[in-house]
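Protein chains in written order, with this note's numbering: chain A, 427 to 530; chain B, 34 to 246. Even for Gly, the Cβ is constructed at its ideal location relative to N, Cα and C.
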């Protein structure tokens, strides 16, 4: 699965947890490779699935030592994303744990 | 030759895919220079590149369609497919060595899954081969996450308003395939007849299996 991810971190979140995708823009001040699409940042959703841990692509992309990051499916209502109504649709997006914040 | 490099490569070349069916002469020259440099630095050998190309070209939507048909006919295989797509593909004799994990999402009367990659063009290539051009277009990537029902309707995929759409953005380590719903009235169909109902687009939720009229 993930060669560098010898250490399997314990997942912080579980299916059903309400979370927020971090609202951060590291690309403004640095050369980066980020897998969290801009359009989901700052939005709230629900953890639906845990996939295990994978080497952090933000470091892997630059050939740097990459720690294992837990990866989840987060579901976000399309109406919440786009301020639309009655789409009856949700986005399912893979997000690494360091981009997820618990919604209190 | 890791998946991550592929990811970046696709990202930077998307504009080209939008406007040309064939890469320009200049792209070929750049590619040649890149290969020469990688070989000179012992990053890859020409033999490794050739082997990778041969493996990549084994990908075919028919492989995914065979898995779908088996899942329709064999409930135990369906369970295994939904639990672990990679293992279920290998069980059919399709090599998934070196491929990212394959996840399979089931379409039902309640939920319709549609796969997209808004960052670039991630697609279960190892199993299904190269993605279609529309899958890589900016238009598809933008509209799929913004108005999936409108997009599907334009493509003739008319879903009930009560069917929830799950738009699946392939942003990270998984690649996604859809297990379409078996059409009503196909209970007596043979394996080959079921196979004929499936198109490449069905396997990412952009089409529906069509019954013989």
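Query                                                                                                                                                                                               : Result
With DSSP collapsed to three states, give me the class of residue 199 (chain B).                                                                                                                    : strand
Looking at the C-beta of residue 461 (chain A), does it have a partner C-beta in chain B at a distance below 7 Å?                                                                                   : yes
Please tell me whether residue 445 (chain A) has its Cβ less than 7 Å away from any Cβ of chain B.                                                                                                  : no
I'd like to know if residue 458 (chain A) contacts chain B, where contact means its C-beta is closer than 7 Å to some C-beta of that chain.                                                         : no
Taking the alpha-carbon positions, what's the residue 231 (chain B) to residue 73 (chain B) distance?                                                                                               : 45 Å
Compare the C-beta of residue 181 (chain B) with all C-beta atoms of chain A and state if any pair is closer than 7 Å.                                                                              : yes
Which one or two residues does DSSP pair with residue 455 (chain A) in a beta bridge?                                                                                                               : None, per the DSSP bridge assignment.
On the criterion of 16 or more Cβ atoms from any shown chain inside 10 Å, does residue 433 (chain A) qualify as buried, or is it exposed?                                                           : exposed
Any C-beta of chain A sitting closer than 7 Å to the C-beta of residue 237 (chain B)?                                                                                                               : no
Throw me the rounded Cβ distance for the residue 204 (chain B) and residue 520 (chain A) pair, which I believe falls under 8 Å.                                                                     : 5 Å
Considering only residues of the stretch 455-530 of chain A, which uninterrupted alpha helix (DSSP H) runs meet the minimum length of 4 residues and lie entirely inside it, listed in chain order? : 483-486, 504-508
Return no unless some Cβ of chain A is closer than 7 Å to the Cβ of residue 120 (chain B).                                                                                                          : no
Tell me whether the beta-carbon of residue 526 (chain A) lies closer than 7 Å to the beta-carbon of residue 445 (chain A).                                                                          : yes
Check whether the stretch 102-112 of chain B and the stretch 56-67 of chain B are in contact - that is, three or more C-beta pairs closer than 8 Å.                                                 : no
How many angstroms separate the CA atom of residue 81 (chain B) from the CA atom of residue 169 (chain B)?                                                                                          : 27 Å
I think residue 480 (chain A) touches residue 507 (chain A), with their Cβ atoms under 8 Å apart; what is that distance to the nearest whole Å?                                                     : Not a contact, Cβ separation roughly 25 Å.
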